[in-house]
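The next block holds one structure in the form of structure tokens; read it before the comments.
In the numbering used here, the protein residues as written are 34 to 307.
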């Protein structure tokens with residue numbers, strides 16, 4: 034399970050959670066049943082420090098989920114809506130989005146090309162405090178590599194604004210992530226993690242703009258996904274505020290193996306109203 038989304042600054046303070054539209058399906062973690070004990074030593078950020086962080090690729094698929102995924106793949110192959118074998122469509126095929134800050138694209142990571150840049154961002158203290166991937170390039174490679182070599186449930190991307198790489202994103206199937214153990218996940222929930230790479234792009238509300246942009250791109254290009262979810266660290270108030278300003282609602286506080294998180298949800302139903 035990747036870490037909190039940081040930094041993603043907003044120029045506004047978080048509104049009260051009660052202002053968000055209610056969703057009866059979003060039971061509290063207690064109502065959903067207690068989460069299993071975290072397993073120490075799993076791969077992902079924080080594993081080296083003994084926090085027991087779970088990685089997106091760590092969740093084993095049940096026979097039921099495998100059957101559903103197989104059906105999705107067969108339908109995708111028949112309709113041409115996605116390549117057979119993909120759990121997500123390729124964000125690199127999604128169209129660019131025109132924002133107030135410029136034209137934004139998601140470009141899937143090529144490790145040989147992008148590792149040095151992403152590793153430099155991970156060593157920024159403001160990022161390292163939450164992602165916990167500071168160190169040599171190999172630390173970042175060990176985090177990204179398994180996603181690139183995995184089954185397609187998590188796709189790391191660069192965020193490119195007017196031709197300049199300036200952010201890092203992970204687009205993933207939240208219902209197939211260890212996060213799904215801690216909230217009432219729905220089939221095809223899409224998760225996002227992000228960091229804004231350069232200090233020149235922070236503190237200007239750009240995080241809010243890009244979070245909304247990427248959430249809308251996901252909903253536009255993943256028609257089976259009814260929601261986009263995120264789980265920033267509760268301590269990361271700028272990130273939580275950015276998600277709220279981007280049309281996400283605060284659903285619950287959840288205790289994850291490595292942090293207490295704010296579960297943020299952007300619903301397809303309410304996207305035109307928030």
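Built from N, CA and C at the ideal position, the CB exists for glycine as well.
By the CB criterion at 8 Å, residue 225 and residue 261 fall inside the cutoff. Distance from the CA atom of residue 181 to the CA atom of residue 264, rounded to whole angstroms, is 22 Å. When the Cα atoms are used, residue 236 and residue 157 turn out to be separated by approximately 15 Å. Annotation for residue 153: the continuous alpha helix (DSSP H) segment containing it runs 144-155. Looking from the CA of residue 276, the closest CA among 239, 220, 302, 293 belongs to 239. Looking from the CA of residue 242, the closest CA among 120, 149, 133 belongs to 133. Of the candidates 206, 165, 173, 206 places its Cα closest to the Cα of residue 219. Per DSSP, residue 291 lies in no beta strand (DSSP E) and is assigned neither H nor E. If you draw a straight line from the Cα of residue 140 to the Cα of residue 190, it comes to about 5 Å. Residue 276 carries a helical assignment under DSSP once its states are collapsed to helix, strand and coil. One alpha carbon belongs to residue 209, the other to residue 171, and they sit about 26 Å apart. Rounded to whole angstroms, the separation of the alpha carbons of residue 122 and residue 271 is 30 Å. Residue environment: residue 222 is assigned as buried (16 or more neighbouring CB atoms within 10 Å of its CB, all protein chains considered). Setting aside the 5 residues that flank it on each side, residue 273 is surrounded in the same chain by 47, 265, 267, 283, 295, 297, each with a C-beta closer than 8 Å to its C-beta; the list follows chain order. Between the alpha carbons of residue 245 and residue 252 lies a distance of about 11 Å.
Taking 4 residues as the minimum length, the alpha helix (DSSP H) runs contained wholly in the segment 180-256 are 239-254, in order along the chain. Selection 259, 217, 176, 279 evaluated against residue 285 yields 217 as nearest (Cα-Cα). Beyond the five residues adjoining it in sequence on each side, residue 200 comes within less than 8 Å, by CB distance, of 191, 192, 194, 227, 228, 229, 230, 234, 243 in the same chain, given in chain order.
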